[in-house]
RNA sequence: GCUCAAGUGGCGGAAUUGGUAGACGCGCUGGAUUCAAAAUCCAGUUCUUUCGGGAGUGUGGGUUCGAUUCCCACCUUGAGUACCA
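Numbering (our numbering), first residue to last: 9 to 1171.
Spelled out as structure tokens, the structure:
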């Protein structure tokens, strides 16, 4: 019987579908295993041969795990919202749902014919309302949450409201917007509902805000940072501009540190982890503020600029370093502190105190937050710091409204009762002071009319600075506070808000000209041109906080307004850009490194560097200097240790039609969530998928898009005039919304009551193996981790990382084929002479086989000789004619394994109409053998190198396709596809088939297997099992080939060998193995049969073919028994005639013998 | 520039607690079968050679009895990222 893959594969695919062979059990005694592929976007082009690579690998693993006794969840679905369907809709008017449905059908057919063991009963589609209902539900959960930095997790917004009612927001340590007003409990209670909503919105994990977004005019939508590549859109490469828009955002920055920490415990590829680490961009350093020495100091507002720092500068008062230190101090109190704490903790004063608490970048010994009283116990701080203590007291009292009282160690130890008495007295005083203070603040706030006077950087403070004269300060972030004595100037971004204020009249013209010049340059220009150094001096000076020296303030476009504070302290000796800037403008470059020459370039090394010329930092190594510098800054009050992240909050609104609608309507301009029970809010029908004429998103075209808050349903827009009907959100969610949680949905895909049942989530936990492309590193894979952590915080999912192990499959490249066309023209000297064109008029198009030339000259000669020979060219003009070669893509389906072109096929190909009558110069000897040249390129329609899996399956079968894709090379590697190679695996399958047949008849012997046969089987079991566990699928395919070759050589047809062999192979080639399994007499599927058990005893050898090497080079081999001792081996080897010949009479210096391995003779 | 990954026959690739380099497959060469072709089977296939051998895993060093494997420097290619302070 012939191996007929078409029939076999069709039958078994039908069998699996009918019997639901691969349906995962809901519950089971078996251990669970969850194998997941990144679900595809169903594009119109269908699958090419590169897409199934990862699916085949995961399918093999899933099937293997079933053989190993696991309850395997191996689902598949579609990420079916997306831009291409929408753009197709815009062009054709066809509803994206329809296109998507058709594309999914194609995908499903293509996937089915490859024989994947997917559990299709759990299919999900992100564009299905039953699915996006829960995407909307998660959005609501995010909206109803805030991030508490004290507990380091997301909490329900109601807990925040409770705090506001009790204490206002001064004590709240949250991740929130940049500029949040500070308010008291009373003020909170007095706010209107709308005011309250506005404030809460600044804390929610998904929030509406006016943000600078990446607007892509060509696509008519906003893009996330990861959707922009090299300053243009990832899709279509359209220009992107910065634009202010009201947008939904996700507060992913709240999770920056946890996203970083989580990488430690997941088994993901290092390059992928690296790029996430990079993207999160944590840098540890310090915020330092420099006072400006300028005659024109502003009032009032100055305090704001000083405290205003961008929101992504997380950390601040509770920066990592300070917190660590506070912790340490708490753990090691002085005796006096311990005594006092015991009293305060015991609530002697009836009020709550905190120990070693952070207030406005200071660690204070004890504090009562409600009464704003700080108690310091001195003794820890030495005399020389008294002055700084005073400054610190002043700042805490004046800036933050705290009262500071001090006791000495002796006072506390000597008379604790009196100390407590004094504290109680102060607490009472504070009560009255605070009341007065609040009134004062209210008044001043009214005056300033909503100018923020505080923010999260100084959250637990009340500013007293309004109305007072305060000097402007420049805040900078630096990762090298240890080099602070090397600061010789400062640079502000040209856009920095202080620039106009501090520039002196003398410098005004120059500065303004510079700002104008930089503004003209686009973001891309500035990025592209890194070499040119430019800048301008503002005429203003700052004061070095340690040395008190005057330092120049410059502006320069190498400082970016969008990063950090938009200002840097320039250390030319330690930073290349600062160095270049200083050199260019002749600014001094002080050297603060010991024994380092900086006359030519900056010294940027950290390790091993010793600081010099830096007062108290001199003589210290980098690490120590860094710590001490921060410590001193904190103590002196002009800086603090801080961790900065590059990760920005993710914009979540898209101006598109084909995406999840938001479950949001607007009442008085404030967003309102629609209750979960009314979900899903289904995407409305629109007539046009384009933005509206007045620039609203496509949903603005919908006529039924208003929320009736009474009837609780979506109604027609005309009802908007009713009081209880409100407009719905017009934006839709981005592509990554649906893909950020789908892996959880598979666990309980049909649940209409819940996101997924608790039982299902607890049983399946998370993905054990996730396979997909590395292009999602900073998109899907980061957002999904973020949502998972959020869902974990809320107790919805049981684990905070969704995928334990991840593998990136490599791309499969196409092997393009080129034919070479001759371009002929008449030359006149060096120029082209058109006047003689009649000479070549009648020459037809000529192609030349690649085998006939190896360079341009040979090509020309071949063509010329041919033309002369065929009398197509007048010999008189031969020297005037010049011929060059032009490569053209030929469709790869027209080329065979030997790179020979099907010339007739080429001529008749629809894209080659103009070459129908072209001449093909082929090799002389063999008729019509025309060779193409090959080149590896990305698979693409325009290169005619796309290979469709349908064709491969039709010709060679799914099993051959599966084996071949695995055989191409290591899974993670990028590798070229060459269809020619498939004949190897195809003939392997035929050979395998033959083992079970005698002529036309199926025949398997029941005879006992021989030792050799068992050895072949067991070494195959061992290798294949190891290979699968290591995801080394390519090597196991060759192992199968070896086994079949060897068994064929032995003419082995014994059941004892051939039956287990099928199980080994079945994950790779499921159809042929099912068929042979059935022929062996089994009634059930091979899919869940136990995996054969390896027995080492079959591999035991008695002799070894020793390699005998001389000076490390193998010269011959010698078969020796394995039980020979070292001495015996040496004796036998030395006596051997070949050894004697090799040595040519020399006496070896040394003989190395590793029994069972090698013999090496030195000398 | 920085970070990461990788360089092995004509091609895809195999071999790493350091121990016979080139498994397996493609392609190629020769042979068998066939009227012929396809298919199939057999033999050969890193280079070089005076047929004894000799050289050889990007380049140059090093460690070692022994290095594709470990260390150092460099070159090349690919991926990601970029005035990130």
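Even glycine gets a Cβ: it sits at the ideal position worked out from N, Cα and C. Keep in mind the model is a prediction, meaning the values are calculated, not measured.
Distance check between residue 821 and each of 297, 1095 and 976 places 976 closest, using alpha-carbon atoms only. For residue 19, the uninterrupted alpha helix (DSSP H) segment begins and ends at 13-27.
For the pair residue 361 and residue 385, the CB atoms are not nearer than the 7 Å cut-off.
Beta-bridge pairing by DSSP links residue 544 to 563. DSSP, reduced to helix, strand and coil, places residue 1067 within a helical segment of the structure shown. Judged by pairs of C-beta atoms under 8 Å, the segment 938-946 touches the segment 823-833, as three or more such pairs exist.
Scanning its chain for C-beta atoms nearer than 6 Å, with the 5 sequence neighbours on each side dropped, one finds around residue 382 the residues 372, 375, 410 and 412, in chain order. Each of 985, 806 and 663 was checked against the Cα of residue 771, and the nearest Cα belongs to 806.
Apart from the 5 residues on each side of it in sequence, residue 1146 sits with its Cβ closer than 6 Å to the Cβ of 1124 in its chain, given in chain order. Going by DSSP, residue 588 is part of the alpha helix (DSSP H) stretching over 584-593.
Contact check between the segment 163-181 and the segment 686-705: fewer than three CB pairs, one atom from each, fall below 8 Å, which does not count as touching. The Cβ-Cβ distance between residue 707 and residue 489 does not fall below 7 Å.
Between the alpha carbons of residue 1127 and residue 1112 lies a distance of about 6 Å. For residue 992, the enclosing alpha helix (DSSP H) has its first and last residue at 990-1003. Within the segment 896-932, the runs of beta strand (DSSP E) at least 3 residues long that lie entirely inside it are, in chain order, 927-929.
Less than 7 Å separates the beta-carbon of residue 870 from that of residue 860. Per DSSP, the unbroken beta strand (DSSP E) holding residue 778 starts and ends at 775-780. DSSP, reduced to helix, strand and coil, places residue 734 within a strand of the structure shown. Sequence-distant Cβ neighbours of residue 151 in its own chain, meaning closer than 6 Å and more than five residues away, are 212, 214 and 681.
Between the segment 270-277 and the segment 664-673 there are fewer than three C-beta pairs closer than 8 Å, too few to call the two in contact. Taking 8 Å as the upper bound for CB-CB distance, residue 523 and residue 502 are in contact here, some 5 Å apart. Residue 774 and residue 484 have their alpha carbons spaced roughly 42 Å apart. Sixteen is the threshold: when 16 or more other Cβ atoms of the shown chains lie within 10 Å of the Cβ of residue 641, as they do, the residue is buried. Linking residue 39 to residue 74 through their CA atoms gives a straight-line distance of about 10 Å.
Membership of residue 860 in any alpha helix (DSSP H) is not indicated, and neither H nor E is assigned to it by DSSP. Put simply, of 711, 1108, 687 and 428 the residue whose alpha carbon is nearest the alpha carbon of residue 1020 is 1108. In the DSSP secondary-structure assignment, residue 675 is bridged to 678. Residue 982 and residue 506 have their C-alpha atoms roughly 51 Å apart. With the rule of 3 Cβ pairs closer than 8 Å, the segment 64-81 does not count as touching the segment 94-103. Contact check between the segment 640-659 and the segment 712-728: fewer than three CB pairs, one atom from each, fall below 8 Å, which does not count as touching. In the three-state DSSP reduction, residue 663 falls in the coil class, being neither helix nor strand.
When the Cα atoms are used, residue 598 and residue 590 turn out to be separated by approximately 11 Å. Burial check for residue 1084: the Cβ neighbour count within 10 Å reaches 16 or more, so the residue is buried. Judged by their CB atoms, residue 132 and residue 90 are not nearer to each other than the 7 Å cut-off. When DSSP reads this structure, residue 894 sits in a beta bridge with 829. Annotated three-state conformation of residue 372 is strand, per DSSP.
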